[in-house]
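J.:
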Amino acid sequence: MTGEGGTLPGEVLTALGRLGLVPCGAQLRSTALPGGVSSDIWKIEIGGRAVCVKRALARLKVASDWRAPVERNAFEAAWIETAGRIVPQAVPRLLGHDRQAGLIAMDYLEPGEFPLWKEKLRRGEAEPDDARRVAAAIRAIHAGTAGRDDIARRFASDGIFHAIRLEPYLETAARAHLDLAGRLAGIVETTAATRLALVHGDVSPKNILIGTAGPVFLDAECAWYGDPAFDLAFCLNHLLLKSLWTPEAAPGFLDCFDVLAGTYLDGVDWESPAVLEARAAPLLAGLFLARIDGKSPVEYVTEEAEKDRVRRVARALLQSPVSRLRTVRAAWAAELGA
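Quick note: the sequence shown, position 46, residue 46 per the numbering used here, numbers continuous.
In structure tokens, the structure reads:
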């Protein structure tokens, strides 16, 4: 097996051979792809076929010292398999998982056919139908896994979820805002103790492709059997923050917030929608703050004055705990003057 492009490590080539995806002696071309902070990702072209390969990193690519177990890769593969049985069009086709190398291989989805939701939002294309379909798909996965002891056992990844989500986001923000530490600790405790459904853990526009048949979710290495309110709050948080990235589209982002929240909550049947929302609202306020003062701040909020706007709203919401998502939305809309 030989590779062109100079970006593919030998151990990755070897793993692809073990998976039967690259025959011995085959010529291939590899291209490193941009992505999140937690993995190396490549597009590999073998003849007329394109494959996406993702390998988890032990130390994430952020300024802070953020480490996470590489075995999370196995949970991502399992999430794709599990979610794919419920909403087949919402996941890429899994081609293989190599535990030894800590990588998974999937079909490569062409950007021209599957645009990234984050890029659409960056251009100000805040389309409520995208938000509706995202909400419906992630809710279907939650509903299809709620109360399933077999799935709970398969995704008993509490330690990984803490290392990748609760500690770098909420606990790190608590260390930066000591007067809110007790409140944020309570949110962490509630989230960690709630085990109701299969959680993706990173429902972010950067991990959602918008296909003609509906959204496709990527990057499920935070997968965990826990609190579905986390996925809802995590996604809504991005719709609020992107108002600072593309200010002229802020009204559209707020409309998408309303559609996503409403669509999701309207179909919740595994518990009281009001009870789920009462967990999601304070979690959203905490994540709002954490994306400024956690280990993984959003890259597009760089001006200190803009960061202070987020801090001001988030702190007020945490100091006077909220139970409705619309309260969080209204506080941010008032700050924006939208």
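Every residue gets a Cβ at the ideal spot worked out from N, C-alpha and C, and that includes glycine.
Taking three-plus beta-carbon pairs below 8 Å as touching, is the segment 221 to 234 in contact with the segment 189 to 199?
T.: Yes, they touch.
J.: Roughly how far, in whole angstroms, is the beta-carbon of Leu325 from the beta-carbon of Ala274, given that I think they are within contact range, below 8 Å?
T.: The Cβ separation is near 11 Å, so there is no contact.
J.: Would you mind sorting Pro111 into buried or exposed? The rule is 16 or more other CB atoms within 10 Å of its CB.
T.: Classification of Pro111: exposed, given that the 10 Å Cβ count is below 16.
J.: Quick one: Cα of Ile86 to Cα of Trp79, how far?
T.: Taking the straight line joining both Cα atoms gives about 11 Å.
J.: From the DSSP output, which residues share a beta bridge with Thr31?
T.: DSSP, once it has assigned bridges, lists Lys43 as partnering Thr31.
J.: Ignoring anything shorter than 3 residues or poking outside the segment 138 to 210, list the beta strand (DSSP E) runs there in chain order.
T.: Segments of the beta strand (DSSP E) lying fully in the segment 138 to 210: 197 to 199.
J.: What residues match up with Leu241 in a beta bridge as DSSP calls it?
T.: DSSP, once it has assigned bridges, lists no residue as partnering Leu241.
J.: For Leu336 and Ala330, what's the separation of their Cα atoms in angstroms?
T.: Each residue's alpha carbon lies about 10 Å from the other.
J.: Considering only residues of the same chain and omitting the five flanking positions on each side of Leu166, which have a CB-CB separation below 7 Å?
T.: So the qualifying residues of the chain are Val188, Thr191 and Ala192.
J.: Skipping 5 residues on each side, what residues in its chain have a beta carbon closer than 6 Å to that of Lys206?
T.: Lys118, listed in sequence order.
J.: Alpha carbon to alpha carbon, how far is Leu19 from Leu94? Give it in angstroms, no decimals.
T.: Roughly 12 Å separates the two Cα atoms.
J.: Assuming contact is defined by CB atoms lying nearer than 9 Å, are Tyr169 and Gly294 in contact in what I supplied?
T.: A contact, by the Cβ cut-off of 9 Å.
J.: Indicate whether the contact test is met: 3 or more Cβ pairs, each with one atom in the segment 253 to 260 and one in the segment 198 to 214, closer than 8 Å.
T.: Short answer: they don't touch.
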